[in-house]
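Structure, as structure tokens:
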RNA sequence: AGGGCUAUCGCCAAACGGUAAGGCACUGGACUCUGACUCCAGCAUUUCAAGGUUCGAAUCCUUGUAGCCCUGCCA
């Protein structure tokens, strides 16, 4: 069954709560169409959690024949960089979310936001406040006590208008004055206690440069951005639930037709994995990882470099579902998705990580023959390849035991196994060095048992991988494991992380089939559980292959 | 005068008063030129707890409990 079929099956079974809201809105004529958006602030790289939001918003737009907008929420020049704009767009493109010609910047709406603020002032719903940041905090009250009103709360409309214009014209220092919404200082919701909606910041903005020295706050800007773009369902994460009354207030006071509605869902966390922009940023800045695309991270760039496909991430996100319950998804689910996708499209090659020489004593010296191997038994369209076979080959050290444990059915003295794509061989002996370490394994082969010969007279329990000694390609391999936080994937109180010690292993060497013609470039590989490798590439989409022997080494056979 | 949100299997997650879907993980077994894949079987008499309403409750009511978020001129 294909991934698509599985997904379709799921769709039949249930709809998530956001889909239910949308369908009800469409039925009741609240909206004639639906429009969603993904609105990141360009202050870092995207990670797996953002993928959920992107794919959710894009998927919803597709499902209900609506539109999906890309929008940078760049209302705070102190944190944003153009560098991040580019990386974010590249990641979203890679994920396959298509914003068509609708790429927007909140900063392009600054004029409209400025005018909206004036509207509020004229309606007596906003005022310029001279209190300092500290004073505002003090006046705001606490979680259990109401706030008290600012002495500047009742300035006249005319005075507010003048003062706000002065703010815009740069007549005040940063922090000297702010514009506040006039709502309710006694509200149990702290966000409604006359929130600041405009602040002064003399700073060059990545997009608008020095045009403005006042910038709108998120709570004021976001509903306006959504309304301007005719967004219907403004989907965000749980921590904004408390902001929804303010969102609705802005949209109502500004009298937008068919106002957007905010819907919140739970963020995606991966169990024991460092998620969260803030934490990833710290790892990058502290040099604990090589960069934003370090394969041990779960940024989109890292997952791509590590070999995850857009399809696998899409499948993962859909499998996780959408709800309002805080949860942490098992990393095994992500691994399942990449296995599911790659097993159809990755060629299955052989490789030996820790080699031991196997000499087939009854095979003619100097003879080389080619055996034919299917590239992917589950996908015949991938064709076949020829592998040179000879008297001496490498096998995996772990595939030979002098004293086999119970139920071990690979090579040991007297036992016969299949060399994948080649012949049956029977182990006849072995050599060791002075320390007892096995250096060479001896065997004999049975010419009748060649792959493709149709030989069925007897069977073997084990099939092992091999590479020719002469023509194998030697490469350095890095086996990456997750950067795991033994606690919760979050920082400790003192700012440190509880990282595992073995977040990366480096293998000295790896012997690969000659099929890897571009092997000189292949100095780095990544390991995905159950034997999926990909070529580590910063510049292009990674090539994948499946090294099947790893499957048994890493996963199935537990001694 | 605090407010908001959430609790269903080890992990996600359906169920919308009619008798606990599905996926991941795990455990058996079959198959196998990859100990993989695939296949088949198993995996919540019970939904945070305790009461109540009802012929019938995960769903409604009451009272608790636990977790997450909120006191930026961040988003």
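In this note's numbering, the protein residues as written are 265 to 823. Positions of the beta carbon are idealized from the N, C-alpha and C atoms, including for glycine. The structure presented is a predicted model; accordingly, all values stated were derived computationally and were not measured.
Between the segment 636-654 and the segment 668-681 there are fewer than three inter-stretch CB-CB distances shorter than 8 Å, so the stretches are not counted as touching. The secondary-structure analysis by DSSP pairs residue 616 across a beta bridge with 775. Annotated three-state conformation of residue 441 is coil, per DSSP.
When Cβ pairs closer than 8 Å are counted between the two stretches, the segment 490-506 is seen not to touch the segment 385-392, the count staying below three. The alpha-carbon separation between residue 520 and residue 582 amounts to approximately 33 Å.
Looking at the backbone, the Cα of residue 732 and that of residue 342 are separated by about 58 Å. Residue pairing of residue 707 in beta bridges, as defined by DSSP: 624, 691. Residue ranges of uninterrupted beta strand (DSSP E) with 3 or more members, entirely inside the segment 351-417 and ordered along the chain, are 367-369, 390-393. Your pair residue 383 and residue 482 does not check out as a contact, with CB atoms roughly 19 Å apart and the cut at 8 Å. Residue 306 carries a coil assignment under DSSP once its states are collapsed to helix, strand and coil.
Residue 300 and residue 350 have their C-alpha atoms spaced approximately 21 Å apart.
Taking 9 Å as the cut-off, the beta carbon of residue 302 is found closer than this to the beta carbon of residue 321. If you draw a straight line from the Cα of residue 578 to the Cα of residue 726, it is about 36 Å long. Inside the segment 537-587, DSSP marks whole alpha helix (DSSP H) runs of 4 or more residues at positions 541-549, 564-570, 574-584, from first to last along the chain. For the pair residue 632 and residue 661, the CB atoms are not nearer than the 9 Å cut-off. The alpha-carbon of residue 558 is positioned some 9 Å away from that of residue 570. In this model, residue 688 and residue 655 are separated by some 13 Å (Cα to Cα). With a 10 Å radius around the Cβ and a threshold of 16 neighbouring Cβ atoms, residue 575 comes out buried. In terms of CA proximity to residue 297, 286 leads the group 286, 306, 305, 307. One Cα belongs to residue 699, the other to residue 691, and the distance between them is close to 22 Å.
Contact between residue 624 and residue 708 holds: CB atoms are separated by about 7 Å, below the 8 Å threshold. Beta-carbon to beta-carbon, residue 366 and residue 331 are separated by about 7 Å, close enough to satisfy the 8 Å threshold. Under the three-pair Cβ rule at 8 Å, the segment 398-415 does not count as touching the segment 529-540. Between the segment 521-531 and the segment 583-593, the count of Cβ pairs shorter than 8 Å is three or higher; the stretches touch. Only residues of its own chain outside the window of five on either side were considered, and among them 338, 369, 371 have a CB closer than 7 Å to the CB of residue 471, listed in chain order. Taking the Cβ atoms as the reference, residue 377 lies roughly 5 Å from residue 480, within the contact range of under 8 Å. Residue 424 counts as buried, since no fewer than 16 other beta carbons sit within 10 angstroms of its beta carbon.
In the three-state DSSP reduction, residue 484 falls in the helix class (H, G or I). Residue 467 sits in coil when the DSSP states are folded into three classes, being neither helix nor strand.
Under the DSSP assignment, residue 500 falls in the beta strand (DSSP E) whose first and last residues are 497-501. For residue 292, the secondary structure class from DSSP, reduced to helix, strand or coil, is coil. Residue 361 is classed as buried because its beta carbon has at least 16 other beta carbons within 10 Å across all chains shown.
In this structure, DSSP gives residue 333 an extended state, which the three-state scheme calls strand. Nearest C-alpha to residue 426 among 453, 391, 291, 682: 391.
Here residue 534 carries a strand assignment [DSSP, helix/strand/coil]. Comparing alpha carbon positions, the residue from 452, 612, 347, 596 closest to residue 730 is 612.
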